[in-house]
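Number of protein chains: 2
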Amino acid sequence: MRPLQHPAINDVSVEGILHALSDSHRAHIFATIAAGSQPKICSAFLEISDQPLPKSTLSQHFKVLREAGLIRSERRGVELHNITRCEEINQRFPGLLPAITTALVTQKKRGAAAKARSGGQGR
Amino acid sequence: MRPLQHPAINDVSVEGILHALSDSHRAHIFATIAAGSQPKICSAFLEISDQPLPKSTLSQHFKVLREAGLIRSERRGVELHNITRCEEINQRFPGLLPAITTALVTQKKRGAAAKARSGGQGR
DNA sequence: ACAGTAGTTCAGTATTACTGAACTATATGA
DNA sequence: TCATATAGTTCAGTAATACTGAACTACTGT
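Chain order of the listed sequences is P and F. Read left to right, the first sequence gives residues 355 to 477 (this note's numbering). Read left to right, the second sequence gives residues 355 to 477 (this note's numbering).
Structure below.
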């Protein structure tokens, strides 16, 4: 098992960030890690959607996020503690991550609202 | 040849936008269209990189940008006039596109500076 | 040592992307 | 009208990525 690789902040690319976050599952994982103050472990996201995500898939998603420079993972015993690299990235590309996470939140709200309108059990 | 399809603004997704712009060529095409005040035709980007881009590939790139909702294409005789949908998108996801284009510009500048430092014909 | 947990790696499969060749559609000139 | 040229699309074969079950590594507790 080779050690975890994290790119230097200067090797982080906009395209890599956009690609990593262009997948719904990864975007959700990143947003969740970014929103919380505690590190999150990978297996916290096994039940991310209606279909439970296979753990090999989950592992790949974390690898993509890590190699894009979005998260930093640290082994703690048997588990991985994941935190974001928002501060570093925000220094390199000011405003990029906040704009994306805001857009994702906006989209989620709109989606929830549309769902409620079209027959969810809204009041 | 079927007519050009543009998604309604409410069907435009953050993931779709990020995916479309996660490719260097497409990011460059979009940035160029966004930066200019005149519509751009597809073939203006045939010589986008060192290797000339095949026109079938270019056509696909425009299709991806169009279907992501980033550009609007209109037939004018034999050519396609492409403009961005920045205003609409900025209304739906405020600040998202400016942040991405700013980041792309920043990255380009950094890259050019690094190139100059490491042996380009800097002053 | 054994069992349990967290995550990775591998390999087969499925999906997506790239691109040369053939094609459509429009414009222009003889 | 017919030939030619230009701009872009579609198709089909191939290449590259992504997904995922199974086997594996690494660590923890008993």
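Glycine is no exception: its CB is placed at the ideal position from the N, C-alpha and C atoms. Everything numeric in this text was worked out from a predicted model, so none of it was measured.
Thinking C-alpha only, which one of the options is nearest residue i?
i	options	result
ALA468 of chain F	P:ASP365, P:HIS360, P:PRO361, P:PRO357	P:ASP365
PHE384 of chain P	P:ILE395, P:LEU424, P:GLY465, P:SER410	P:LEU424
HIS382 of chain F	F:GLU442, F:GLY465, F:SER403	F:SER403
ALA362 of chain F	F:ARG464, F:GLU442, F:LYS462	F:GLU442
SER378 of chain P	F:SER367, F:SER378, F:ASP377, F:LEU375	F:SER367
LYS417 of chain P	P:ALA466, P:LEU375, P:THR455, P:GLN405	P:LEU375
SER391 of chain F	F:HIS435, F:PRO406, F:ARG429, F:LEU412	F:HIS435
PRO357 of chain F	F:SER427, F:LYS462, F:ASN444	F:SER427
Can residue i and residue j be called in contact, C-beta distance under 9 Å?
i	j	result
CYS440 of chain P	LEU451 of chain P	yes
ALA422 of chain F	HIS373 of chain F	yes
THR460 of chain F	ILE387 of chain F	no
LEU397 of chain P	GLU433 of chain P	Residue 397 of chain P is actually Ser in this sequence, not Leu. Taking 9 Å as the Cβ cut-off, SER397 of chain P and GLU433 of chain P qualify as a contacting pair.
GLN359 of chain P	ARG420 of chain P	yes
LYS409 of chain P	LEU400 of chain P	yes
GLY351 of chain P	GLY449 of chain F	Absent from the model: residue 351 of chain P. The displayed extent of chain P is 355 to 477, so no value can be given.
HIS415 of chain P	ARG380 of chain P	yes
May I have a chain-ordered list of the beta strand (DSSP E) segments no shorter than 3 residues that lie completely inside the stretch 427-462 of chain P? Taking only runs of at least 3 residues, the beta strand (DSSP E) segments lying wholly in the stretch 427-462 of chain P are 433-438.
Quick one: which residues of the stretch 371-389 of chain F get their C-beta closer than 9 Å to a C-beta of chain P? List them in chain order. Among the residues of the stretch 371-389 of chain F, those with a Cβ less than 9 Å away from any Cβ of chain P are ILE371, LEU372, HIS373, ALA374, LEU375, SER376, ASP377, SER378, ALA381, in the order of the chain.
Chain-ordered residues of the stretch 444-475 of chain P with a beta carbon less than 9 Å from chain F: So the close ones are ARG446, PHE447, PRO448, GLY449, LEU450, LEU451, PRO452, ALA453, ILE454, THR456, ALA457, LEU458, THR460, GLN461, ARG464, ALA468.
Tell me which residues of the stretch 356-371 of chain F have at least one Cβ-Cβ distance to chain P shorter than 7 Å, keeping chain order. SER367, VAL368, GLU369
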